[in-house]
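Student:
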Amino acid sequence: MKTSVGATWVVHLVRVLRTLGIDVVVALPSATEGLAPRYRECGAEVVAADLDFPAQRPWQLPAVLARCRAVVARVKPDIIHTHHVGTTFVARLALGKESSTPRVFQVAGPLHLEHAVFARLELSLSGPADWWIATCRWTQDRYTQLGVARERVFQTYAGTDVSRFHPVRSGKLRKEIGLDVVTPLVGMVAYMYAPKLYLGQRCGLKGHEDFIAALGLLRRRRAEIHGVVVGGPWGDAAGYERTLRALGKKTCGDAIHFLGHRNDVPEIYPDLDLAVVPSHSENLGGAAEPLLSRVPVVATNVGGLPDIVRDGETGWLVPPRDPAKLAEAIEAAMTQPEEACRRAARGEALVRNILDAERTSREIASFCEAILRSKVAVA
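Note that this note's numbering gives residue 203 to position 203 of the sequence shown, counting from 1, and the numbers run on in steps of one.
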């Protein structure tokens, strides 16, 4: 794992794998911080090893590769399971294309596949031992387009604990920001990722600027609507957060509320009338949690979002980077409350089924078992 603090879906996966009797060793940058204690509670062994690709410190790569080889030599895994592009690059570079240990890359998001250079680089490092788990249909299709055999790309989703979410309003969020129960409230829940200039990004990946612009457009027609942004800066994006707060104040005045990092998202989600997911690149992103809370969703038609936000069925889809279209869809959902509730209810039923961590983790275990059987058959 490239991080000790994110990727909570892996905790759910590890918990189920351990109940199935599968031994799991998790390599993290820290064996004590972040999610490390939770992995241990699940029954996994935690090893302190930073195995992310040092893109900003390339001179450290030889040491990182040696560290990876040392971990593999000590653990002697039957399968190496990676979840991020950087750690996948390191595992492939460290062990080589002809390694006999199967490597499974569970692709958390489609971003690197949307850029030809990075997509080709990833595939150039792969060999006969490499397999993929696509966590949305777009990703599976993309690997097929790039020439990977379909049978080597399994498709399931990053599971979650669906029991944490419920549709009951607590009123906590509205009380905190000073709104009554009838004031229309739309929200966006996402970390703030600063634009990556080397990818040609001029705005953040999650589309915060589009949400702010759409809310500003909408308030020209419906001044009573308020917006809320939940989630703080990811990594060293504190300056980007300040920029977004200033933009929000300039565009929407006191009608937009920035809450920063929160640990009570399942509790406050039902206070929203509508959740907005304006991402430019995304897997399922922030669309699953509002649907699990039976909150209507407007999302962009990118990556894996259409897997669960099905236009006209479980929500509204709009093109990315188009605040005007986003504002139109938000207004359509807000002015059709009965239809919005129907779509949200259908979306809840869908995601409670396909994103249940118990189900997705067992599917992943079956896929890995099939890989090991194929290895034995070849041998």
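A virtual CB, placed ideally from N, CA and C, is assigned to each residue, including glycine.
Would you report the Cα separation of V107 and A345, rounded to the nearest angstrom?
Tutor: If I take the Cα positions, the gap works out to 28 Å.
Student: So what's T88 in DSSP terms, helix, strand or just coil?
Tutor: T88 falls in the helix class under three-state DSSP.
Student: Given this structure, state the Cα-to-Cα distance separating C341 from G6, to the nearest angstrom.
Tutor: Those two C-alpha atoms are separated by around 31 Å.
Student: Along the beta strand (DSSP E) that carries D210, what are the first and last residues, could you check?
Tutor: Where D210 is concerned, there is no enclosing beta strand (DSSP E), although the alpha helix (DSSP H) it sits in stretches over 208 to 221.
Student: Would a C-beta distance cut-off of 7 Å place Y191 and L205 closer than the cut-off?
Tutor: No, they are not a contact pair.
Student: Under the rule that 16 or more other beta-carbon atoms within 10 Å means buried, what is W406, buried or exposed?
Tutor: Outside the displayed range of the chain (1 to 379) lies residue 406, so it cannot be described from this structure.
Student: For the pair the stretch 142 to 158 and the stretch 344 to 362, tell me if three or more CB-CB distances fall below 8 Å.
Tutor: Yes, the stretch 142 to 158 touches the stretch 344 to 362.
Student: Taking 7 Å as the cut-off, decide whether the C-beta atoms of I225 and P184 are in contact.
Tutor: Cβ distance < 7 Å, so I225 and P184 count as in contact.
Student: From the DSSP secondary-structure annotation, give me the bridge partner or partners of H115.
Tutor: Paired residues: none, contrary to the question.
Student: Rounded to a whole number of angstroms, what is the C-alpha to C-alpha distance between V148 and F154?
Tutor: Computed Cα separation, rounded: 11 Å.
Student: To the nearest angstrom, how far is the alpha carbon of R258 from that of S366?
Tutor: The sequence shown places Phe at residue 258, rather than the Arg named in the question. Computed Cα separation, rounded: 42 Å.
Student: Do V24 and V75 have their C-beta atoms closer together than 7 Å?
Tutor: No.
Student: Taking only the alpha-carbon atoms, compute the straight-line gap between S293 and P266 and give it to the nearest angstrom.
Tutor: About 7 Å.
Student: State the DSSP-derived secondary structure class of Q145, mapped to helix, strand or coil.
Tutor: Correct three-state label for Q145: helix.
Student: Going by DSSP, what residue range makes up the beta strand (DSSP E) through H257?
Tutor: Where H257 is concerned, the enclosing beta strand (DSSP E) stretches over 256 to 260.
Student: Going by other Cβ atoms of all chains shown within 10 Å of its Cβ, with 16 needed for buried, is V16 buried or exposed?
Tutor: By the 10 Å Cβ count, V16 comes out buried.
Student: Does DSSP classify G286 as helix, strand or coil?
Tutor: It is helical.
Student: Report yes if the CB atom of P296 is closer than 7 Å to the CB atom of Y269, and no otherwise.
Tutor: Contact: no.
Student: Consult DSSP for V378 and reduce its assignment to one of helix, strand or coil.
Tutor: Bear in mind that a pLDDT of 43 at V378, under 50, signals an unreliable position, so the number given afterwards is only what the model happens to contain. Reduced to three states, the DSSP call for V378 is helix.
Student: Rounded to whole angstroms, what's the CA-CA distance from E241 to G248? Just pull it up for me.
Tutor: If you take the alpha carbons of E241 and G248, they lie about 10 Å apart.
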